[in-house]
Amino acid sequence: MTSCKRGTVLARVVAGWIVFGFSPLVIAQSPSMVPGSPVDLGWTRVPAGAFLMGCVEGDFGCLATEQPRHEVTFLEPFELMEAEVTVAQYAWFAEETGYPLPPMPDFAQTEEHPVVLVDWDDAAAFCQAAGARLPTEAEWEYAARGGREGLIYGWDNQVSRDIANYGADQCCDGATGGVDLWINTAPVKSFPPNNFGLYDMVGNVWEWVDGWLDDDYYAVSPSIDPPGAAAGYARVVRGGSWLNFPSALRASVRLPFGQAGQTSNIGVRCARDVVVTAVD
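Going by my numbering, the residue at position 174 of the sequence shown is 958; the numbering climbs one at a time, nothing skipped.
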């Protein structure tokens, strides 16, 4: 057991893993995360460009909230964390800022697993403290597709256990092959990155995005750098998770979720703007 400034870190060994849990912390006035911190967030640049957002042709799982398909253009590049926020990264954030840690899930995780049981406000607070923000829905889907157009799952029209962690315990009953050997979350970067160098954009954990779910937004969304709906009936998570079947891993899926919702298959990945300077 190790004492911390604002809480207690508990360590236990489960099946050979060191698993960290945390006692509740008290919210306090606290500084932002310091640039150049010992916790590397691993930023990856996503190039400017255009894509078609929403359900692709031939996707028979398409829902009304994923339509109409519409063109989106990003005039400037932006950056995303190359992987989902880990247990270690979130623990460092809580230690530095006094922000309370989320509950522990009912399964073992190491420091390199994605943090879960964070609600929308927790996710936004982490990103803000890191000098970043939550990605917009458009940024998230553009990045998830990795520059490949018209594919249901971003990387292909067929889901693969060599690419993503999904389906809970169906991965490990000996009936399927592939890299997916985890019943619950997998350590980040356990699967190959997409063409933009981003890991786990589908599967592992759902990821909170900025904006709201408004069923009519796609019909009126700006075509250039859309910010997402300013109001709606729910927040949105993207990407599917370890718990879901393939239909939830489709790149266009928009899952409504309450802002205060916390589950063991929702995490976070941050985005930030890129300052582009002219070259003499």
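The beta-carbon is built from N, C-alpha and C at its ideal position, and this holds for glycine as well.
{"Check": "Straight-line Cα distance separating residue 1041 from residue 1018", "Outcome": "6 Å"}
{"Check": "Where residue 1052 sits in the DSSP three-state scheme", "Outcome": "coil"}
{"Check": "Rounded straight-line distance, which links the Cα of residue 982 to that of residue 819", "Outcome": "Interpretation of residue 819 is limited by its pLDDT of 48, a score under 50 that renders its predicted location unreliable; the figure taken from the coordinates is listed afterwards. Approximately 22 Å between the Cα atoms of the pair."}
{"Check": "C-alpha distance - residue 976 paired with residue 859, whole-angstrom precision", "Outcome": "28 Å"}
{"Check": "Entirely enclosed alpha helix (DSSP H) segments - the segment 933-1019, minimum 4 residues", "Outcome": "1001-1004"}
{"Check": "Residue 1044: first and last residue of the uninterrupted beta strand (DSSP E) it sits in", "Outcome": "Unbroken run through residue 1044: none, as it is neither H nor E."}
{"Check": "Length of the line joining the Cα atoms of residue 1026 and residue 1051", "Outcome": "12 Å"}
{"Check": "Top-ranked residue by Cα proximity to residue 870, from 863, 886, 830", "Outcome": "886"}
{"Check": "Option in 900, 985, 854, 883 with minimal Cα separation from residue 1004", "Outcome": "854"}
{"Check": "Three-pair Cβ contact test at 8 Å for the segment 965-979 versus the segment 931-942", "Outcome": "yes"}
{"Check": "The segment 877-896 contacting the segment 841-855, beta-carbon criterion three pairs below 8 Å", "Outcome": "no"}
{"Check": "Those residues which DSSP pairs with residue 827 across a bridge", "Outcome": "865"}
{"Check": "Simplified DSSP assignment, three categories, for residue 880", "Outcome": "helix"}
{"Check": "Alpha-carbon spacing of residue 988 relative to residue 969, whole angstroms", "Outcome": "6 Å"}
{"Check": "Cβ contact check for the segment 895-913 and the segment 998-1017: 3 or more pairs under 8 Å", "Outcome": "no"}
{"Check": "Residue 834 - containing alpha helix (DSSP H), residue span", "Outcome": "From DSSP, residue 834 is part of no alpha helix (DSSP H) but of the beta strand (DSSP E) over 833-837."}
{"Check": "Cα-Cα separation, residue 877 to residue 971", "Outcome": "19 Å"}
{"Check": "Rounded straight-line distance, which links the Cα of residue 927 to that of residue 815", "Outcome": "Caution applies to residue 815, whose pLDDT of 39 falls short of 50 and renders its modelled position unreliable; the value that the coordinates give is listed next. Their backbone Cα atoms lie some 31 Å apart in a straight line."}
{"Check": "Whole-number beta carbon distance between residue 921 and residue 1096, since they are thought to touch under 8 Å", "Outcome": "The chain is shown from 785 up to 1064; residue 1096 falls before or after that span and cannot be answered."}
{"Check": "Separation of residue 986 from residue 843, as counted between CA atoms", "Outcome": "16 Å"}
{"Check": "C-beta atoms of residue 924 and residue 1022 nearer than 7 Å", "Outcome": "yes"}
{"Check": "Cβ shell of residue 973 (< 7 Å), same chain only, five flanking positions each side left out", "Outcome": "867, 983"}
{"Check": "Residue interval of the alpha helix (DSSP H) (run including residue 910)", "Outcome": "904-913"}
{"Check": "When 852, 1033, 1039 are compared against residue 950, the one with the closest alpha-carbon", "Outcome": "1033"}
{"Check": "Inter-residue spacing [alpha-carbon to alpha-carbon] between residue 996 and residue 907", "Outcome": "15 Å"}
{"Check": "Alpha-carbon spacing of residue 1058 relative to residue 916, whole angstroms", "Outcome": "11 Å"}
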